[in-house]
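Just so we're aligned, residue 7 is where the sequence shown starts under this note's numbering, counting upward by one.
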Amino acid sequence: MAFEVIPAIDVADGALARMTPRGSVPIDAFGGDPRTAAESFVLAGARWIHLVDLDLAHSGDPQNLDVVRAVADLGARVQASGGVTSGSHVEALLGAGATRVVLGSAAFGSRGETEQLLSELGGSLVVGIEADGPRIVPRGRDAPALPLWDTLRWLADLDVRRFLFTEVGRVGELAGPDLDGVWALATHTGRPVIASGGIRGLDDLTALAGLGPAVEGAVVGRALHDGDLDLAAAISAFG
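See the structure below:
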């Protein structure tokens, strides 16, 4: 399977946005319209769109389901995210047209519910690992930090089909991906991994793809919206 370059769309109040330490702020790319952004990405050859509901991440309620529907209608598969912690979140996003949903790290505080979700809906879920060194630090709503490797040992016995690894300190910073963290997760779990956070351009994508077939793709956000990465060229490079 070819290494997948997955463009990201972050949405707040129905418009394109970016998360900052001060909260979500609107961005001007694509006129601020998430559907226009997604359409551009699909025309460039994207087969997946990573769509983050920033309102869900902070309020606990899916508030951009219409955007999920609009993007799904374009023909690309939607990987929906944004602090998903419950079965009702997953059902709402799948019902709106998402193909798979990222289960956020904040869900790990309720191990029983996480185990049930993975047992019932494992094929539709990606398990999000939001890492900060040796800890998992869920973003969005207040949730306690967790020990990374102890948590991964627990997850190893569950029906995890793939992980989304995000080094939280690199998100939106264009500082390069955490190659060591991605490699370690893929090697020690034996599960497919999608990388996220810090990706600046084609060199970073090439480095991630070079970690081996278990690293099946990467989510790219700011580099696309700022015009630093040509999505069509990146997709073609790994096609």
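Glycine included, every Cβ here is placed at the ideal spot set by N, Cα and C.
Exercise for review: Please classify V31: is it buried, with 16 or more other beta-carbons within 10 angstroms of its beta-carbon, or exposed?
Suggested key: Result: exposed.
Review point. Which one or two residues does DSSP pair with D137 in a beta bridge?
Key: Looking at the sequence provided, one finds Ala at residue 137 rather than Asp. Checking the DSSP bridge columns, you'll see A137 partnered with I142, E173.
Practice item. Take the Cβ of A43 as the centre, count every other Cβ of all protein chains shown within 10 Å, and call the residue buried at 16 or more, exposed below. Key: With 16 or more Cβ atoms within 10 Å of its Cβ, A43 is classed as buried.
Check your understanding: DSSP on L109, reduced to helix/strand/coil?
Key -> Three-state result, L109: strand.
Exercise for review: Look up V201 in the DSSP assignment and say whether it is helix, strand or coil.
Suggested key: Note on residue identity: the sequence assigns Ala, not Val, to residue 201. In the three-state DSSP reduction, A201 falls in the strand class (E or B).
Point to revise | Three-way DSSP call (helix, strand, coil) for A78 in this model | key: Taken through DSSP and simplified to helix, strand or coil, A78 comes out as helix.
**Study point:** A4 and A238 closer than 9 Å at C-beta
**Key:** Examination of residue 4 is not possible in this model, given that the chain is present from 7 through 245 alone.
Review point. Relative to the alpha-carbon of P183, which residue among V221, A23, L154, A149 has its alpha-carbon at the smallest distance?
Key: When each option's Cα is compared against that of P183, the closest is V221.
Exercise for review: Report all residues from its chain with a CB closer than 8 Å to the CB of F244; omit the five preceding and five following residues, and keep chain order.
Suggested key: Cβ neighbours of F244 beyond the five flanking positions: A8, F9, E10, V11, L211, A215.
Check your understanding: What do you reckon, are the CB atoms on Q122 and V107 nearer than 9 Å?
Key -> The answer is no: Cβ separation not under 9 Å.
**Study point:** Exposed unless 16 or more other CB atoms sit within 10 angstroms - verdict on G37
**Key:** If you draw a 10 Å sphere on the C-beta of G37, you find fewer than 16 other C-beta atoms in it, and that means exposed.
Point to revise | Terminal residues of the beta strand (DSSP E) in which I55 lies | key: It spans 54-59 - the beta strand (DSSP E) in which I55 sits, taken as one unbroken run.
**Study point:** Among R24, R145, R53, E126, the one whose alpha carbon lies nearest that of R83
**Key:** When only C-alpha atoms are compared, the closest one is R53.
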